[in-house]
Amino acid sequence: MPSTPVPPLARIVRGSGPGLLLAHGAGGSARDNWGPLLPDLAAHRTVVAPDYPGSGDTPYEPGEPTLDELADRLVATAVEEGLDTFDLAGYSLGAAVAVRAATRHPERVRSLLLLAGVAGGSARLRLLAGLAIDLADRPADLARLMLTVVFGGTWVDALRAGEFAVLQEALNSPVPQAFRQQFRLAAEVDVRAELAGITVPALVVSTTEDQLVPPSQHRSLADGIPGARLAELPSGHLPMVERLPELRDIVLQFVKELDA
Numbered sequence: 004m005p006s007t008p009v010p011p012l013a014r015i016v017r018g019s020g021p022g023l024l025l026a027h028g029a030g031g032s033a034r035d036n037w038g039p040l041l042p043d044l045a046a047h048r049t050v051v052a053p054d055y056p057g058s059g060d061t062p063y064e065p066g067e068p069t070l071d072e073l074a075d076r077l078v079a080t081a082v083e084e085g086l087d088t089f090d091l092a093g094y095s096l097g098a099a100v101a102v103r104a105a106t107r108h109p110e111r112v113r114s115l116l117l118l119a120g121v122a123g124g125s126a127r128l129r130l131l132a133g134l135a136i137d138l139a140d141r142p143a144d145l146a147r148l149m150l151t152v153v154f155g156g157t158w159v160d161a162l163r164a165g166e167f168a169v170l171q172e173a174l175n176s177p178v179p180q181a182f183r184q185q186f187r188l189a190a191e192v193d194v195r196a197e198l199a200g201i202t203v204p205a206l207v208v209s210t211t212e213d214q215l216v217p218p219s220q221h222r223s224l225a226d227g228i229p230g231a232r233l234a235e236l237p238s239g240h241l242p243m244v245e246r247l248p249e250l251r252d253i254v255l256q257f258v259k260e261l262d263a
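Here it is, written out as structure tokens:
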């Protein structure tokens with residue numbers, strides 16, 4: 004029997020030039036995770052940033068997504084936008100998606116940039132993901148957990164009382180429909196065994212105050228990919244919020260080195 008057609012993913016497309024495909028993290032969206040960097044990236048690349056099912060503007064789909072499915076659908080989105088080959092950047096769960104895409108579609112992926120990425124095999128990450136799933140219907144409690152493990156302690160402690168209250172209120176909102184699906188996937192993925200087969204240039208950005216996806220996960224990615232470089236950023240899991248200028252410099256330097 005013919006397979007059921009897979010609906011296209013919603014996507015942001017910006018800029019011109021060589022292609023750059025962006026993979027977002029669990030519970031986020033293309034705009035949430037990559038939005039602050041899009042103008043700078045689009046100055047150098049044709050940027051394609053899809054939303055996973057149930058995130059951003061892509062409708063929710065029942066069932067449990069697999070890493071293979073997400074990787075294939077992201078690659079298909081880039082191809083739909085006319086990109087035969089592209090650089091690929093992945094954040095958090097998106098780093099594992101990017102690794103799997105490079106493994107399954109090596110003819111298309113020119114380079115990898117992995118930011119605060121999940122490698123797999125972390126019992127602590129599985130525990131935290133399970134706790135986040137349990138709190139998904141309790142936004143205030145989930146917000147307190149996120150304040151504890153998502154943002155870096157140095158950054159949070161430096162907030163004024165009013166800023167802290169605004170941040171807590173912003174986090175106290177309903178989660179995306181696919182929040183549980185994506186956090187379950189983040190808890191279970193493991194791409195460590197396939198890292199040695201990646202042959203493209205790779206940069207791993209480690210957020211050194213990350214309490215959600217700890218630096219040991221980032222180092223696993225850097226150590227496993229032959230020739231990968233490791234850059235460290237003193238930030239929690241959301242460097243696009245805490246350390247945007249420094250993150251921008253690291254990412255754009257990597258892009259310019261690829262062009263050179």
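In this text, residue positions in the sequence shown follow our numbering: the first is 4, and each later residue adds one.
Heads up, the beta-carbon is just placed ideally off N, CA and C, and yes, glycines get one too.
With a threshold of 16 other CB atoms inside 10 Å of the CB of residue i, please say whether the residue is buried or exposed.
i	result
Y55	buried
Q184	buried
V258	buried
R48	buried
S176	exposed
R163	exposed
P5	The predicted model places P5 with a pLDDT of 43, which falls under 50 and marks its position as unreliable; any figure quoted below should be read in that light. Exposed is the call here.
V78	buried
V192	buried
S19	exposed
T151	exposed
G230	exposed
Considering only the beta carbon of each residue, do residue i and residue j sit closer than 7 Å?
i	j	result
L250	P242	yes
A98	I201	no
L24	L118	no
V203	R113	yes
L215	V153	yes
A189	A132	yes
L70	R34	no
A101	L115	yes
A81	V50	no
G283	F89	Residue 283 is absent from the model: the chain starts at 4 and stops at 263.
F167	A135	no
A45	R14	no
Please list, in chain order, all residues of the same chain as residue i whose beta carbon is under 7 Å from its beta carbon, the five residues on each side excluded.
i	result
G156	E212
R76	V9, L12
G28	N36, Y94, S95, L96, G97
Q171	A146, L150
Looking at the structure shown, is residue i part of a helix, part of a strand, or coil, going by DSSP?
i	result
R176	In the sequence under discussion, the amino acid at residue 176 is Ser, which differs from the Arg named in the question. Here S176 sits in coil by DSSP.
S58	coil
T15	According to the sequence provided, residue 15 is Ile. The question's Thr does not apply to it. Three-state DSSP puts I15 in a strand.
L96	helix
T49	strand
T106	helix
L162	coil
S268	Lying outside 4 to 263, the shown extent of the chain, residue 268 is not represented and no answer is given.
A199	helix
E235	strand
G66	coil
F154	coil
A181	coil
Who are the near neighbours of residue i in its chain, counting only those whose CB is closer than 8 Å to its CB and skipping five residues on each side?
i	result
H221	L117, A119, G120, A122, V207, V208, S209, T210, D213, L233
V178	G30, A139, P142, L145
In its own chain, which residues sit with a C-beta less than 6 Å from the C-beta of residue i, not counting the 5 before and 5 after it?
i	result
L198	G227, I228
S32	D54, S58, G59
E64	P56
L261	S114
For the ligand FMN, is there a heavy atom less than 6 Å away from the beta-carbon of residue i?
i	result
R103	Only the bare structure without any ligand can be found here, which leaves the ligand FMN out of the picture.
In chain order, each beta strand (DSSP E) run of at least 3 residues that lies wholly inside the region 109 to 134 = DSSP runs (the beta strand (DSSP E)) wholly in the region 109 to 134: 112 to 118.
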